[in-house]
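Quick note, the sequence shown lines up with residues 3 to 408 if you use the working numbering.
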Amino acid sequence: MIVKKPLIGAISALAMTTSLAATAEPLNVGVLVPLTGDLQSYGEPSLRAAELAVKEINADGGVMGEPIEISAGDTQTSPQPGVAAAQKLVNVQGVHAIFGALSSGVTIPVAQSVSKPEQVLQISNASTSPVITSLDDDDFLFRTVPSDAFQGVALSEITAEKGYKTVSVIYVNNDYGKGLTDAFSKAFEAQGGTVAATVAYEQGQAAYRGELQQADTGGTEALVLIGYPENGETILRQALEGGFFRDFVFTDGMKAPELIDNLGAQALEGAIGTVPQARGDSPGAQHFASAYDGEYGEVPPKPYLDTAYDALYVIALAAEQAGSTDRVAIRDSVRMVANPPGVKVGPGEFAKAVELIAAGEDIDYEGASGSVNFDNNGDVPGTFGEWTFKDGEIITNRIFEPTMPE
Numbered sequence: 003m004i005v006k007k008p009l010i011g012a013i014s015a016l017a018m019t020t021s022l023a024a025t026a027e028p029l030n031v032g033v034l035v036p037l038t039g040d041l042q043s044y045g046e047p048s049l050r051a052a053e054l055a056v057k058e059i060n061a062d063g064g065v066m067g068e069p070i071e072i073s074a075g076d077t078q079t080s081p082q083p084g085v086a087a088a089q090k091l092v093n094v095q096g097v098h099a100i101f102g103a104l105s106s107g108v109t110i111p112v113a114q115s116v117s118k119p120e121q122v123l124q125i126s127n128a129s130t131s132p133v134i135t136s137l138d139d140d141d142f143l144f145r146t147v148p149s150d151a152f153q154g155v156a157l158s159e160i161t162a163e164k165g166y167k168t169v170s171v172i173y174v175n176n177d178y179g180k181g182l183t184d185a186f187s188k189a190f191e192a193q194g195g196t197v198a199a200t201v202a203y204e205q206g207q208a209a210y211r212g213e214l215q216q217a218d219t220g221g222t223e224a225l226v227l228i229g230y231p232e233n234g235e236t237i238l239r240q241a242l243e244g245g246f247f248r249d250f251v252f253t254d255g256m257k258a259p260e261l262i263d264n265l266g267a268q269a270l271e272g273a274i275g276t277v278p279q280a281r282g283d284s285p286g287a288q289h290f291a292s293a294y295d296g297e298y299g300e301v302p303p304k305p306y307l308d309t310a311y312d313a314l315y316v317i318a319l320a321a322e323q324a325g326s327t328d329r330v331a332i333r334d335s336v337r338m339v340a341n342p343p344g345v346k347v348g349p350g351e352f353a354k355a356v357e358l359i360a361a362g363e364d365i366d367y368e369g370a371s372g373s374v375n376f377d378n379n380g381d382v383p384g385t386f387g388e389w390t391f392k393d394g395e396i397i398t399n400r401i402f403e404p405t406m407p408e
């Protein structure tokens with residue numbers, strides 16, 4: 003249910019906003035990203051996307067008339083350092099909300115150990131584990147990316163369409179890997195396919211030949227690899243060198259152009275994958291691509307940049323709606339600015355949103371990644387991209403909505 007702000011006159015509302023701005027504490031957002039570890043190559047681009055949103059918002063006058071500040075923490079793509087970084091952001095640097103983490107295996111313990119007990123809003127741009135949907139987080143954890151309950155179905159569709167009838171899965175042993183493996187296996191077998199083996203791998207090992215041997219059962223046509231680039235590269239190299247597999251299916255965590263540089267274009271030619279991806283023809287998507295290109299150069303073919311940008315916009319709009327940097331008040335305002343009904347505002351329109359809020363109007367943020375309409379669990383809907391390695395590049399074949407079972 004959307005609770006409307008009391009309607010007051012535009013002049014008195016603007017006066018109130020001006021008064022608040024004069025005494026407002028700057029909004030400080032903690033940015034929790036992997037600057038080292040297995041997802042390092044995703045952390046820096048996500049940080050840049052968040053910084054782009056902050057730059058645009060500050061150019062439009064900031065939140066409650068004050069520029070946003072951000073404080074970054076390195077999760078190292080690992081739960082314990084991620085929790086420690088979050089605790090520092092909240093208890094030492096005094097952030098009012100958290101953007102991140104990227105990995106579900108980090109996001110979940112941060113939500114349980116920091117966000118919930120400290121009552122601070124956390125919005126992840128990349129944590130896709132289905133576990134998050136039913137997590138006991140007191141409504142302090144949201145995400146701007148759809149659940150892997152949907153990606154598992156999308157992955158099964160493209161695997162079947164490729165003609166594979168029997169596959170094995172090797173997955174990173176965390177909430178992301180386990181959740182997506184379960185969702186894929188269930189959907190693929192419901193389509194008549196066979197999952198010959200599911201094998202977990204631990205991060206940081208020098209060799210994965212044992213896992214590959216377990217996965218290489220008779221009749222397996224392809225390896226579905228659900229993991230991250232650093233260790234995923236090792237698995238792929240050893241799969242190829244040992245003659246275990248030649249055909250691969252990937253998920254979002256393996257959409258990394260550095261794999262081409264390190265393994266060679268021919269080794270990956272024709273491999274396919276899925277990734278949560280917005281339709282590129284929306285005004286929000288076009289604005290983000292243009293703004294990112296102007297600031298940093300062409301948007302890299304990596305996921306979760308538009309969702310990072312949207313997470314910062316939602317946090318800023320929620321604080322503006324609350325008229326406060328109070329952590330609980332920001333949390334309570336998220337759905338008021340992101341869900342219908344309301345006047346639609348998009349990326350690059352923060353000043354317009356401020357005017358509408360000051361006038362007592364409801365707003366509905368339509369993001370760079372598409373709709374960010376949060377349900378009761380803090381989840382959003384979404385579309386998926388089918389991508390492939392072709393001629394030494396990563397290209398998108400199509401963007402589609404998976405057919406969910408009834």
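Backbone N, C-alpha and C define an ideal beta-carbon position, used for all residues, glycine too.
The structure presented is a predicted model; accordingly, all values stated were derived computationally and were not measured.
CB residue i to CB residue j, shorter than 9 angstroms?
i, j, result
"D254", "G272", "no"
"D62", "T38", "no"
"V339", "E351", "no"
"P303", "I228", "no"
"T385", "P231", "no"
"A269", "L225", "no"
"D141", "R329", "no"
"V112", "P404", "no"
"V35", "E71", "no"
"T79", "S106", "no"
"F247", "T276", "no"
"L182", "L157", "yes"
"S48", "A88", "no"
Regarding residue i and the ligand HEM, is the C-beta to nearest heavy atom distance less than 8 angstroms?
i, result
"K90", "Because no ligand of any kind appears in the structure shown, any question about the ligand HEM cannot be addressed here."
Under DSSP, the beta strand (DSSP E) around residue i begins and ends at which residues?
i, result
"Y315", "Element bounds for Y315: not the beta strand (DSSP E) but the alpha helix (DSSP H), L307 to A324."
"S126", "L123 to S126"
"S170", "T168 to V174"
"K188", "Run containing K188: none in the beta strand (DSSP E); it sits in the alpha helix (DSSP H), D177 to A192."
"K304", "That residue, K304, is in no beta strand (DSSP E); it is neither H nor E in DSSP."
"L227", "A224 to I228"
"R400", "E395 to F402"
"T236", "Run containing T236: none in the beta strand (DSSP E); it sits in the alpha helix (DSSP H), P231 to E243."
"N30", "N30 to V35"
"I134", "Careful: I134 lies outside any beta strand (DSSP E) and carries neither H nor E."
"V116", "First-last for V116: undefined, no H or E at that position."
In whole angstroms, what is the alpha-carbon distance linking residue i and residue j?
i, j, result
"S371", "A74", "23 angstroms"
"A52", "L319", "14 angstroms"
"T19", "S326", "At T19 the pLDDT is 40, less than 50, meaning the model places this residue with poor confidence and gives no usable figure here."
"A217", "Y173", "11 angstroms"
"G84", "L104", "10 angstroms"
"G245", "L214", "10 angstroms"
"A23", "I59", "With a pLDDT of 39 at A23, under the threshold of 50, the modelled position of that residue is not reliable, and the figure given next carries that caveat. About 15 angstroms."
"K180", "A361", "47 angstroms"
"G394", "A258", "12 angstroms"
"E300", "S292", "8 angstroms"
"S14", "A86", "The predicted model places S14 with a pLDDT of 36, which falls under 50 and marks its position as unreliable; any figure quoted below should be read in that light. Whole-angstrom Cα-Cα distance: 44 angstroms."
"D263", "L54", "28 angstroms"
"I100", "V65", "16 angstroms"
"G220", "R400", "32 angstroms"
"A409", "K392", "Within the shown structure, residues of the chain are numbered from 3 to 408, placing residue 409 beyond reach of any answer."
"P69", "V56", "8 angstroms"
"N127", "Y306", "6 angstroms"
"T390", "T398", "6 angstroms"
"F402", "Y210", "33 angstroms"
"A208", "A199", "22 angstroms"
"P2", "Q153", "The chain is shown from 3 up to 408; residue 2 falls before or after that span and cannot be answered."
"Q95", "I359", "29 angstroms"
"G348", "V316", "10 angstroms"
"L29", "G67", "10 angstroms"
"F376", "G102", "16 angstroms"
"V97", "L91", "6 angstroms"
"R281", "F290", "12 angstroms"
"Q124", "I110", "10 angstroms"
"K164", "F186", "15 angstroms"
May I ask which residues mark the beginning and end of the alpha helix (DSSP H) holding residue i?
i, result
"P154", "The amino acid occupying residue 154 in the given sequence is Gly; Pro does not appear at that position. Per DSSP, G154 belongs to the alpha helix (DSSP H) from D150 to E163."
"E46", "Q42 to A61"
"S335", "R329 to A340"
"K257", "Unbroken run through K257: none, as it is neither H nor E."
"E68", "Counting along the chain, E68 falls outside any alpha helix (DSSP H), and DSSP gives it neither H nor E."
"D295", "P285 to Y298"
My assumption, with CB atoms under 8 angstroms, is that residue i sits in contact with residue j. Please give the rounded CB distance.
i, j, result
"D108", "P81", "The identity of residue 108 in the sequence shown is Val, whereas the question assumes Asp. Contact holds; Cβ gap of about 6 angstroms."
"V345", "D364", "7 angstroms"
"V274", "E368", "Contrary to the premise, residue 274 reads as Ile rather than Val in this sequence. Actually they do not touch by this definition, with Cβ atoms about 30 angstroms apart."
"E260", "S43", "6 angstroms"
ask   = Touch check for the region 236 to 250 and the region 201 to 219: three-plus C-beta pairs under 8 angstroms?
value = Result yes; three or more Cβ-Cβ pairs closer than 8 angstroms.
query = Is the region 375 to 385 close to the region 147 to 156, with three or more CB pairs under 8 angstroms?
reply = Yes, they touch.
key: Cβ contact check for the region 177 to 196 and the region 299 to 318: 3 or more pairs under 8 angstroms   = Here the region 177 to 196 makes no contact with the region 299 to 318; the two share fewer than three CB pairs at distances below 8 angstroms.
ask   = At a cut of 8 angstroms, does the region 126 to 138 reach the region 163 to 171 through at least three beta carbon pairs?
value = The region 126 to 138, when compared against the region 163 to 171, does not touch it at the 8 angstroms Cβ threshold.
key: Three CB pairs or more closer than 8 angstroms across the region 112 to 129 and the region 347 to 363   = Between the region 112 to 129 and the region 347 to 363, the count of C-beta pairs closer than 8 angstroms stays below three; the two stretches do not touch.
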